[in-house]
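Structure, as structure tokens:
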Amino acid sequence: MSSGAYTDLQGLLAALDADGDLARVTPRVDPYLEVGGIVARVLHERGPALLFENPTRGTMPLAINVFGTHRRMAKALGVDDLDEIGARIADLLKPELPHGVGGLRDALGKVGQLRAAPPKRVTSAPVQEKVLHGADIDLEQLLPGVQAWPDDGGVFLNLGLTHTKHPETGARNLGMYRLQLQDPRTVSLHWQIHKDSTNHASVAERRGERLPVAIAFGCPPAVTYAASAPLPADIDEYLFAGFLQRERVELVDCVSVPLQVPASAQVVLEGWVEPGQRLPEGPFGDHTGFYTPVEPFPFVRVETVTMRAEPIFQTIIVGRPPQEDGPIGKATERIFLPLIKLTVPEIVDYDLPEAGVFHNCVIVSIDKRFPKHAQKVMNAVWGAGLLSLSKLVVVVDADCDVHDYAEVAWRAFGNVDYAHDVLHSVGPVDHLDHASYEQFFGGKLGVDATRKLPTEGYRRAGGWPTECVLDDATVALVDERWREYGIGPAATERGRRARPRRRRRR
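Per this note's numbering, residue 916 is the first one in the sequence shown, and the count goes up by one each step.
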């Protein structure tokens, strides 16, 4: 196990520095395109996190690519492997009654994990060591905001965590939305229709009320991740973050709006959204790899800025994969597997390919038991939270490694009769989807790449054919000879790929 999640950005950067996984860039670098170009090359080479100590815009260092590898993402959340968090969630979901002293101890341990999770309020905080009001605020001079792509509409403040609350119930929401800097005190809020903050804003607008907003940058890693997680509306992101880091998140009251923010954040923008007011937002080079068009969105007029005495501005660049948001999406894939299996228990594993920007494609392996079982799972996926935005669902048998794309492709290309084994549907798609002919909804496709049963109409003589693979004894013999001849799996990548496949047990 890793030493634990980091409760502030400084702690994580220090740990990455000690690991040799942080590059400090001391020359002056321009956040206009130059930072983006450097980050793109570093990401392509799976390079280190970056700390630009002297950006040409802003008054503070700029941290980026902090979550840019799976190893760093796991380290930020205090684990060696992201599946460890999924295993903790699966353990909490086990319904059996405790047996004996050991079972009682385990049950109490689960209760302890939950008690350690809720946030706690503090009265003073590092993020309020410096406070700016009104005319003293100039976000263009203060923040090293990045313009990553030539045709972007301007500077975007990515990785800001936007806090709102429901005007009637008071329920809190923490979300990660793109933020365009419109002028020294105005920030546009890209609130998509499927997001909870959009609902909060629409309720406030219907009541003719302005909505308080607080945007925090450089939060504890577990909090930053929780803001991106596809949690149900009634699950508090700070409860989830506390569970992830095994320690309650400290929150402090904002100075000028009735909200709370992480005490250990770096910078917080406080302000209000006025009902009915919109500004053009975009274009923006998004994670689809295309520019999104200009659309009207709400904006916050910033009244107060609070920050640490020596803050670090953390941001992220998005665009065509691979990007830093890839490992963040992969964390969601692994962490939420037990919850998906809770509602669709026949699922063995699933993969959200980064190239599909985590919602264009879902690969699912199932324990197939009855005719058209794959189609049942396709419809379940399209009805499961934000997985409802998925456009392509590929279903394979339990013995297929969904993370081995060559294996999945072999099955999808060879195991499918496209006159019988595909399911066409129509449903909601992501706000940013450019391929749908109408915004917000479009076509969906399910591909059944499982072995077909006679009861599904596969009545060819002999039934589904047997795959030709070597038996375990032969594979073991080849392994031994491989090492003996000095050309074994450790020799070259080509050698590893040449390893014979074992017979799979059905």
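Backbone N, C-alpha and C fix where the C-beta goes; we use that ideal spot for every residue, glycine too.
Computed from a predicted structure; not experimentally measured.
| Query | Result |
| --- | --- |
| If you measure from the beta carbon of V1167 to each beta carbon in chain D, is any gap under 8 angstroms? | In the structure shown, chain D does not exist; there is a single protein chain. |
| Taking DSSP as the reference, what is the three-state secondary structure of H1078? | strand |
| What are the uninterrupted segments assigned as beta strand (DSSP E) that are 3 or more residues long and contained completely in the segment 1150-1215, given in chain order? | 1165-1168, 1175-1177, 1182-1188, 1194-1196 and 1210-1212 |
| Any contact between the segment 1176-1194 and the segment 1281-1291? By contact I mean 3 or more CB pairs, one from each, below 8 angstroms. | no |
| Which partner residues of I979 appear in the DSSP bridge assignment? | L965 |
| So L1104 packs on P1213, CB below 8 angstroms; how close in whole Å? | 5 angstroms |
| Considering only the alpha carbon of each residue, which of P1242, P1343 and T1219 lies closest to N1275? | P1343 |
| Going by DSSP, what residue range makes up the beta strand (DSSP E) through D1314? | Counting along the chain, D1314 falls outside any beta strand (DSSP E), and DSSP gives it neither H nor E. |
| Please go through the same chain and pick out, in chain order, the residues whose beta-carbon is closer than 8 angstroms to the beta-carbon of L927, but skip the five residues on each side of it. | Y921, V981, K990, A991 and P1136 |
| DSSP three-state label for A1142, please. | helix |
| Which residue marks the beginning of the beta strand (DSSP E) containing P1127, and which one marks its end? | L1126 to F1132 |
| Please classify W1297 as buried or exposed, where buried requires at least 16 other C-beta atoms within 10 Å of its C-beta. | buried |
| Given this structure, state the Cα-to-Cα distance separating R1161 from I1232, to the nearest angstrom. | 29 angstroms |
| With DSSP collapsed to three states, give me the class of Q1095. | strand |
| Considering only the alpha carbon of each residue, which of S1171, L1360, F1356 and P1198 lies closest to H1339? | L1360 |
| Can you grab the Cα-Cα spacing for the pair D1111 / S1303, in whole Å? | 16 angstroms |
| Below 8 angstroms, can you find three or more Cβ-Cβ pairs linking the segment 938-955 to the segment 1055-1070? | yes |
| Would you identify the three-state DSSP class for Q1062, choosing helix, strand or coil? | strand |
| Confirm, please, whether the CB-CB distance from A1270 to Y1140 is below 8 angstroms. | no |
| Could you name the residues of the same chain whose beta carbon sits closer than 7 angstroms to that of L1327, not counting the 5 residues immediately before and after it, in chain order? | Residue 1327 is actually Ala in this sequence, not Leu. If we look at A1327 and ignore the five residues flanking it on each side, its Cβ neighbours are V1309, V1362 and A1364. |
| Any idea what DSSP makes of Q1056, helix, strand or coil? | helix |
| With contact counted as at least three CB pairs below 8 angstroms, one residue from each stretch, are the segment 1393-1400 and the segment 1312-1331 in contact? | no |
| Do the segment 1205-1222 and the segment 959-967 meet, that is, are 3 or more Cβ pairs less than 8 angstroms apart? | no |
| Return helix, strand or coil for L927, following the three-state DSSP convention. | helix |
| Over what stretch of residues does the beta strand (DSSP E) that includes P1343 continue unbroken? | V1337 to P1343 |
| Helix, strand or coil for V957? Go by DSSP, reduced to three states. | helix |
| CB-CB under 6 angstroms to D1266, same chain, minus the five flanking residues each way: which ones, in chain order? | I1278, V1317 and H1318 |
| Hey, P1177 and V1138: beta-carbon distance below 8 angstroms or not? | yes |
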